[in-house]
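Just so we're aligned: the sequence shown equals residues 4 to 115 in the working numbering.
Reviewing the structure listed below.
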Amino acid sequence: QLIEKLLNEKYGEGTVRVTLKDQYKNMVELIKPCMHLIDNATDAMKDLGVAPIIEPIRGGTDGATLSYMGLPCPNLGTGGHAFHGEFEHIAVESMDICTEIIIEILKRYANQ
């Protein structure tokens, strides 16, 4: 609202209108009670020789939307690089290992 006020003072009242709308929320508070999801994913990655990097994220992911709909859904990553730019890319091998990780996670839950 401060930006709106400053710009309207400079360019004339009613020139700028700011509307804020939440699109994505921080899903970490929804994932924390379900750490078995992270633990199983981490163990699956390690078993496949992948070094997991665990850090909370915020932003436009399907996982955030699903988590707030009642389905805790942490992001596993894709192995991609340089997201949202002209050099965004992913190696087929990275997608293959992501598939293997998902299979390993499913095996862990099936065997519980």
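Ideal Cβ placement from N, Cα and C applies to all residues, glycine included.
{"Query": "Rounded to whole angstroms, what's the CA-CA distance from Val21 to Asn11? Just pull it up for me.", "Result": "11 Å"}
{"Query": "Helix, strand or coil for His39 per DSSP?", "Result": "helix"}
{"Query": "Note down the Cα distance separating Leu69 from Val19, rounded to an integer number of angstroms.", "Result": "34 Å"}
{"Query": "Taking the alpha helix (DSSP H) that Leu109 belongs to, which residues open and close that run?", "Result": "Val95 to Ala113"}
{"Query": "Less than 8 Å between the CB atoms is what I'm expecting for Ile57 and Ile41, so what's the real figure, rounded?", "Result": "6 Å"}
{"Query": "Locate the alpha helix (DSSP H) running through Glu91, then write down its first and last residues.", "Result": "Segment: none, Glu91 is in no alpha helix (DSSP H) and carries neither H nor E."}
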